[in-house]
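Visitor: Sending over a structure as structure tokens; questions will come in a sec.
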Amino acid sequence: MSDHALLSPSAAHRWLNCPLSARLEAELPEKTSSFAEEGTLAHSVCEVMAKKHFGKIKAASCTRTLKKLKADPLWDDEMLRSAETYVEHLAERAMGFASEPYVAFETSVDISAYVPEAFGRCDCIMFGGDTLVITDFKNGKGVKVCAAENPQLMLYALGAIKLYQPIFGGGILNVEIYIDQPRLGSYESWKCTVEELLAWGEEIKPKAQMAYAGFGEYHAGEWCRFCRAHGRCKAQARQQISAFDDFAPAIKSNLTGLLSPEEMSEALRKGETLVEWFSAVKEAALMRLLEGIPIPGFKIVEGRSSRAWSNQDKALEALEAQGIKRAVIYDSVPKTLAQIEKMLGKQKFDEMVGEFVTKPQGKPTLAPESDKRPVFSSAATDFAAVAENVKSET
Ligand code: SF4
14 MSDHALLSPS AAHRWLNCPL SARLEAELPE KTSSFAEEGT LAHSVCEVMA KKHFGKIKAA
74 SCTRTLKKLK ADPLWDDEML RSAETYVEHL AERAMGFASE PYVAFETSVD ISAYVPEAFG
134 RCDCIMFGGD TLVITDFKNG KGVKVCAAEN PQLMLYALGA IKLYQPIFGG GILNVEIYID
194 QPRLGSYESW KCTVEELLAW GEEIKPKAQM AYAGFGEYHA GEWCRFCRAH GRCKAQARQQ
254 ISAFDDFAPA IKSNLTGLLS PEEMSEALRK GETLVEWFSA VKEAALMRLL EGIPIPGFKI
314 VEGRSSRAWS NQDKALEALE AQGIKRAVIY DSVPKTLAQI EKMLGKQKFD EMVGEFVTKP
374 QGKPTLAPES DKRPVFSSAA TDFAAVAENV KSET
């Protein structure tokens, strides 16, 4: 969920690592995207379905709300399936308690005791026995969000403890964090004791104060990707460029022959984030130009576009009227495997037609050693054959 405090929990990973990012981002316009709007809609679907399952609203009220949500132009049936998965997981977790837990949805929590002016909204809070469970739904399918030591959820948990401790007393001893990201098939959890969580809260207090006051330093890292200054930030540019500092002299001092395997490895590792950063710089430059701010040496031109019917129905009618046979104009093409799977949901798809799905071996692709996929093949003969194919295709 989005929140608008200067130090929002959803940006905690960023401002904890780069304290000056919060004040810098506050000066920049919020990036709205259709992904964010889809996320808000998907959250609303989850909320209403979960509330119905746990008896917080009546079935008729759920149906009425869903009908309204379905009228949204961003509606996709996949949202319903994601919400079903989310509710299934919540139900499973609730069953894990010895007795029926206390359950609350979309609860506002005050985190200002740790982070100035900060608040958050928890998708689902459960409490039973001595355990507080916080679940966050993520609609994104680009980047998997990890539950382990996730600062956003840890801040929510601190807020939830503050909210519920007066009610449940000192009975809350343990905290479980769940991140449910059904579109990536990811459902992760992480646990800690309340004592550990409170200690972490104390540890981040000075960092939060620094970020709020606008002290400290810029510190670029993987957290830059979601920063509003991504592609415009000088500290990030310096980090990207200086990544080659120790590599460049070695290359400059010896210009004979080819890159060694070690040098190639270094160029690949250092270049990976450089490419991503460069795309962000290009996007940021385009936005500046669109805003009327000149970028020396660059201009906006019209990109390529494909022709399209201005009125497809009328055009096809005209063709038929002029003697072109319908069979020539229309193709009957089945939906793709991915479209059908999206329509049915993965589980139903697997049950109904999973046996007919085959996956040909992919082309050899370069990946870092940390990649989870197994090595393509260690047999030299296999590589030789594939290399020949690649050569003949290029
Ligand atoms: S882009 Fe990175 S270094 Fe720059 S302000 Fe944002 S988080 Fe900090």
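Take the numbering used here: the final residue in the sequence shown is number 407, and no numbers are missing along the way.
Where a beta carbon is used, it is the ideal one built from N, C-alpha and C, also for glycine.
On the three-state DSSP scale, how would you describe A393?
Guide: With a pLDDT of 47 at A393, under the threshold of 50, the modelled position of that residue is not reliable, and no figure is offered here.
Visitor: What span of residues does the alpha helix (DSSP H) with G52 cover, start to end?
Guide: Counting along the chain, the alpha helix (DSSP H) containing G52 begins and ends at 47-66.
Visitor: Select from L271, M277, Q249, S125 the residue whose C-alpha is nearest the C-alpha of F260.
Guide: A check of alpha carbon separations from F260 across L271, M277, Q249, S125 identifies M277 as the nearest.
Visitor: Leaving out the 5 sequence neighbours to the left and right, which residues in its chain are closer than 6 angstroms to H26 when beta-carbon positions are compared?
Guide: Within its own chain, the residues whose Cβ lies closer than 6 angstroms to the Cβ of H26, once the five positions on either side in sequence are excluded, are P164, W236, listed in chain order.
Visitor: For N30, I'd like the list of residues in its chain whose CB is within less than 7 angstroms of its CB, leaving aside the five on either flank, ordered along the chain.
Guide: H232, G234, W236
Visitor: For P195, count neighbouring Cβ atoms within 10 angstroms of its own Cβ and tell me buried if that reaches 16, exposed if not.
Guide: buried
Visitor: From the DSSP output, in three-state form, read off K83 for me.
Guide: K83 falls in the helix class under three-state DSSP.
Visitor: Could you check how far apart the C-beta atoms of K242 and L103 are, in whole angstroms? I think they sit under 8 angstroms.
Guide: Contrary to the premise, residue 242 reads as Ala rather than Lys in this sequence. With 8 angstroms as the limit, A242 and L103 do not qualify as a contact, their Cβ atoms being about 36 angstroms apart.
Visitor: For L20, is the beta carbon positioned less than 8 angstroms from some heavy atom of ligand 1?
Guide: no
Visitor: When burial is assigned at 16 or more other CB atoms within 10 Å of the CB, is G52 buried or exposed?
Guide: buried
Visitor: So what does R370 bridge to, in DSSP terms?
Guide: A quick correction: the sequence has Val, not Arg, at residue 370. For V370, which the question treats as bridged, DSSP gives no partner whatsoever.
Visitor: Between the beta-carbon of L82 and the beta-carbon of L54, is there less than 9 angstroms?
Guide: yes
Visitor: Roughly how many angstroms separate the alpha carbons of F118 and V158, rounded to a whole number?
Guide: 21 angstroms
Visitor: Counting only runs that start and end within the region 310-379, where is the alpha helix (DSSP H) found for 4 or more residues in a row?
Guide: 325-334, 339-342, 350-357, 359-366
Visitor: Let me check understanding here. Comparing Cα to Cα, which of E216, W213, V188 lies closest to W203?
Guide: V188
Visitor: Is Q165 near ligand 1, with its Cβ less than 8 angstroms from a heavy atom?
Guide: Flag unset: Cβ of Q165 not near ligand 1.
Visitor: Confirm the yes/no value for this check: CB of A297, any heavy atom of ligand 1, distance under 8 angstroms.
Guide: no
Visitor: Can you round the beta-carbon distance between I147 and Y169 to whole angstroms, since I take them to be within the 8 angstroms contact cut?
Guide: 5 angstroms
Visitor: Would you tell me roughly how many angstroms separate the C-alpha atoms of S95 and F67, rounded to the nearest one?
Guide: Taking the straight line joining both Cα atoms gives about 17 angstroms.
Visitor: Can you tell me whether G234 sits near ligand 1, meaning its C-beta is under 8 angstroms from at least one heavy atom of the ligand?
Guide: yes
Visitor: The beta strand (DSSP E) with Y115 in it runs from where to where?
Guide: Element bounds for Y115: 115-123.
Visitor: For the candidate residues H56, V128, S47, whose alpha-carbon lies nearest to that of T98?
Guide: The candidate whose alpha carbon is nearest that of T98 is H56.
Visitor: Should D258 be labelled buried (16 or more other beta-carbon atoms within 10 Å of its own) or exposed?
Guide: exposed
Visitor: Quick one: Cα of E161 to Cα of E201, how far?
Guide: It is worth fixing the name first, because residue 161 is Ala in this sequence and not Glu. Approximately 8 angstroms, taken between the alpha carbons.
Visitor: May I ask you to report which of helix, strand or coil DSSP gives N152?
Guide: coil
Visitor: How is the alpha helix (DSSP H) around G214 delimited, first residue to last?
Guide: 207-226
Visitor: I need the DSSP call for W28, collapsed to helix, strand or coil.
Guide: Helix at W28.
Visitor: Identify the continuous alpha helix (DSSP H) that holds D90 and give its terminal residues.
Guide: 90-108
Visitor: Is the Cβ-Cβ distance between A107 and M139 less than 9 angstroms?
Guide: Contact check for A107 against M139 passes: the beta carbons are separated by less than 9 angstroms.
Visitor: Go to F132, then tell me how far its alpha helix (DSSP H) extends in each direction, as first and last residue.
Guide: Not the alpha helix (DSSP H): F132 falls in the beta strand (DSSP E), residues 132-141.
Visitor: Excluding the 5 residues preceding and the 5 following A297 in the sequence, name in chain order all residues of the same chain whose CB lies nearer than 6 angstroms to its CB.
Guide: Within the same chain, Cβ atoms closer than 6 angstroms to the Cβ of A297 are found at G244, R245, the five residues on either side in sequence being excluded.
Visitor: Taking the straight line between their C-alpha atoms, what separation do you get for N152 and L87?
Guide: Cα-Cα distance, rounded: 13 angstroms.
Visitor: What is the residue span of the alpha helix (DSSP H) that Y435 lies within?
Guide: Examination of residue 435 is not possible in this model, given that the chain is present from 14 through 407 alone.
Visitor: Please find out if some non-hydrogen atom of ligand 1 comes closer than 8 angstroms to the beta-carbon of C137.
Guide: no
Visitor: Going by DSSP, what residues sit across from L145 in a beta bridge?
Guide: F140, V188
Visitor: Would you kindly work out how many angstroms separate the C-alpha atoms of G214 and E105, rounded to a whole number?
Guide: Cα to Cα, G214 sits roughly 29 angstroms from E105.
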